[in-house]
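Here's the structure we're looking at; comments come further down.
Next comes the structure, spelled out in structure tokens:
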């Protein structure tokens, strides 16, 4: 039986996304974003606070990179979420290596094994201190260690993490359990 809880948003899994940008002086920055994901075939949507340095940087450069956080890089991803780019040069502090994107003016953080270069399509302030950013993926990069024999990203090898907003924890995504668009066919009759 369902029990009524205090009204709140409980959506899972929330991917742990690390967004890379350059500031007006070309200094690389990164932040951990939990409220985001794929919103179309080649588009990413992010919901971030308007006052973040990353938001300011995207308004100036119209570009960002998106890295998928994984179990191995969880500590680095968390650091990018707990320190403000307004206060610290995060990349210098953790000795992260960045290279300029080939297609966009944003840094690729080489410590991550999956990265996407994105052009900002739109930025909409929602009126309560948040900004919705939609970016078009123009280039995807993956390390050989997470690519399967068919040339696709293997999430079992990537080991992406998700954010549990109910308990403020990170959780690993598990093994494949069934083939999508197939397992429910028996119920069709």
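Residue numbers (my numbering): -4 to 184. For glycine and all other residues, C-beta sits at the position ideal for the given N, C-alpha and C.
Host alpha helix (DSSP H) of residue i (start-end)
| i | result |
| --- | --- |
| residue 150 | 150 to 153 |
| residue 123 | Where residue 123 is concerned, there is no enclosing alpha helix (DSSP H), given that its DSSP letter is neither H nor E. |
| residue 86 | 85 to 89 |
| residue 92 | Counting along the chain, residue 92 falls outside any alpha helix (DSSP H), and DSSP gives it neither H nor E. |
| residue 77 | 69 to 77 |
Assigned secondary structure, residue i (DSSP; H/G/I helix, E/B strand, else coil)
| i | result |
| --- | --- |
| residue 98 | coil |
| residue 142 | strand |
Whole-angstrom C-beta distance between residue j and residue i, which should lie under 8 Å
| i | j | result |
| --- | --- | --- |
| residue 5 | residue 28 | In fact, because the Cβ distance is near 18 Å, the residues do not count as touching under 8 Å. |
| residue 31 | residue 25 | At roughly 14 Å, the Cβ-Cβ gap does not stay under 8 Å, so residue 31 and residue 25 are not in contact. |
| residue 117 | residue 9 | That pair is no contact at about 22 Å. |
Same chain only: Cβ atoms within 8 Å of residue i, ignoring 5 sequence neighbours per side
| i | result |
| --- | --- |
| residue 89 | 71 and 74 |
| residue 168 | 8, 150, 154, 155, 156 and 157 |
Beta carbon of residue i nearer than 8 Å to that of residue j
| i | j | result |
| --- | --- | --- |
| residue 153 | residue 111 | no |
| residue 13 | residue 156 | no |
| residue 92 | residue 53 | no |
Same chain, Cβ closer than 7 Å to residue i, neighbours up to 5 away in sequence not counted
| i | result |
| --- | --- |
| residue 137 | 108, 109 and 148 |
| residue 114 | 57, 58, 99, 130, 131 and 133 |
Residue range of the unbroken beta strand (DSSP E) whose run includes residue i
| i | result |
| --- | --- |
| residue 24 | 23 to 28 |
| residue 38 | 38 to 44 |
Neighbourhood of residue i by C-beta, 6 Å cutoff - its chain only, sequence neighbours within 5 removed
| i | result |
| --- | --- |
| residue 201 | No answer is possible for residue 201: the residues shown for the chain start at -4 and end at 184. |
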